[in-house]
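Just so you know, we're using the numbering used here here: the sequence shown kicks off at 8 and counts up by one. A virtual CB, placed ideally from N, CA and C, is assigned to each residue, including glycine. Predicted model, so just to flag it, every value in this text is computed and none were measured. Below is one structure, written out as structure tokens; comments come after it.
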Amino acid sequence: MQKNRDQKHWETVAHSYNAFWRSKAKQELSKKELNFINSFLNKTKGRYILDIGVGSGRIIDNYLKESSAKEIYGVDWAKSMVEFCRNRFKNDRRVRSIKVCNISSEKLPFNQKFDFISAIRVLKYNSNWQAIIGNYINKLTDNGVFVFTMPNKNSFLRFTKPETSIYSTTRTELERTVRKQKGEIIKITSFMKLPDVFYDISDNSFYVSTLLQFEKILRNIFGETFLSRIFFISIKPRL
Ligand SMILES: C[S@@+](CC[C@H](N)C(=O)[O-])C[C@H]1O[C@@H](n2cnc3c(N)ncnc32)[C@H](O)[C@@H]1O
Numbered sequence: 008m009q010k011n012r013d014q015k016h017w018e019t020v021a022h023s024y025n026a027f028w029r030s031k032a033k034q035e036l037s038k039k040e041l042n043f044i045n046s047f048l049n050k051t052k053g054r055y056i057l058d059i060g061v062g063s064g065r066i067i068d069n070y071l072k073e074s075s076a077k078e079i080y081g082v083d084w085a086k087s088m089v090e091f092c093r094n095r096f097k098n099d100r101r102v103r104s105i106k107v108c109n110i111s112s113e114k115l116p117f118n119q120k121f122d123f124i125s126a127i128r129v130l131k132y133n134s135n136w137q138a139i140i141g142n143y144i145n146k147l148t149d150n151g152v153f154v155f156t157m158p159n160k161n162s163f164l165r166f167t168k169p170e171t172s173i174y175s176t177t178r179t180e181l182e183r184t185v186r187k188q189k190g191e192i193i194k195i196t197s198f199m200k201l202p203d204v205f206y207d208i209s210d211n212s213f214y215v216s217t218l219l220q221f222e223k224i225l226r227n228i229f230g231e232t233f234l235s236r237i238f239f240i241s242i243k244p245r246l
């Protein structure tokens, strides 16, 4: 199968993607994202978990530390990311299988249903992100939860040009999409309104607390999601 430009980009960053999370401010942001995921994971049986777009394994690592998962599965369209994670988690038997799969165009290589599915910072690379949401709602058990992210079309301007094509949406479009795909929104929130670059350069305690204070003020003025950069959404199947 021919690889698109974005897929090729991800093949090249398997060993450097961890660096994206290096600064102290990024680590604080990561904690907030993982807390959001875990708060919904803990409401499900959490036995069978699927992580879509495993990257360098940030989310799987969280599942191994914070959940009582019996079996964890993962996919990524970049073979280098898959190999990186297979190697990273080779000693943990709960990580059952990590496979190469382009979720935008290929069938998931696992047959069972999942109590919990995550696709964090992944769907934005896919023009058919709305259909993907529908496909994966169908892979949830009755009480299962799917947590994913999408960039907000109405966020503050970004300062850097993305290296790949990025799709974004609005809160209204998200709500409409989830309804159309036979899902029900449990929660939509967001953790940042300021551009990434501020998080990259904030690498000491003073800058981090100033940045987080500023985010708090913006959140108090504008609310949780208005002008935010990335929506975090948890959904369940509409029964
Ligand atoms: C920004 S990284 C996020 C990694 C991880 N989810 C995290 O939050 O740390 C995006 C990952 O999604 C993968 N990806 C993007 N589109 C995909 C697709 N259609 N199918 C499978 N993987 C995809 C990329 O290869 C990359 O590893």
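Please confirm whether any heavy atom of ligand 2 lies closer than 8 Å to the CB of A138.
-> Inclusion of ligand 2 in the displayed structure is not the case, the ligand content consisting of ligand 1 alone.
List the residues that DSSP assigns as beta-bridge partners of N159.
-> T176
Please check the pair D122 and G53, which I expect to be a contact at CB under 8 Å, by giving their CB distance rounded to whole angstroms.
-> About 5 Å; that satisfies the 8 Å criterion.
Tell me L238's beta-bridge partners as DSSP assigns them.
-> Residue 238 is actually Phe in this sequence, not Leu. Residue pairing for F238: DSSP places it in a beta bridge opposite M157.
For the beta strand (DSSP E) holding A248, just list the boundary residues, first then last.
-> A question about residue 248 goes unanswered here, because the residues of the chain that appear run from 8 up to 246.
Selection from G81, K200, S74, C108 that minimises the alpha carbon distance to Q220 = K200
Enumerate in chain order the residues of its own chain whose CB-to-CB distance from E78 is below 6 Å, with the five nearest sequence positions on each side excluded.
-> Y55, R103
If A21 and S87 are in contact, beta carbons under 8 Å, what's the gap, nearest whole angstrom?
-> 4 Å
Kindly list the residues whose CB is nearer than 7 Å to the CB of T176, restricted to its own chain and excluding five residues on each side of it in sequence; keep chain order.
-> Result list for T176: M157, K160, in chain order.
What do you get for S241, buried or exposed, if any count of 16 or more other CB atoms within 10 angstroms of its CB means buried?
-> So S241 counts as buried.
Which residue comes first and which comes last in the beta strand (DSSP E) that contains K194?
-> 190-196
DSSP three-state call for V89: helix, strand or coil?
-> helix
So, helix, strand or coil for L48, using DSSP?
-> helix
With respect to the alpha helix (DSSP H) encompassing D13, which residues constitute its N-terminal and C-terminal limits?
-> 12-18
Beta-carbon separation (whole angstroms), F239 vs E73, contact threshold 8 Å = Between E73 and F239 the Cβ distance is about 17 Å, and since that is not below 8 Å, they are no contact.
Test item: CB-CB of V61 and I105 under 9 Å = yes
Measure the C-alpha to C-alpha separation of S63 and I127 and round it to an integer number of angstroms.
-> 12 Å
Backbone secondary structure at T184 - three-state DSSP = helix
Give me the Cβ distance between Y80 and L57, rounded to the nearest whole Å; I'm assuming they're in contact under 8 Å.
-> 5 Å
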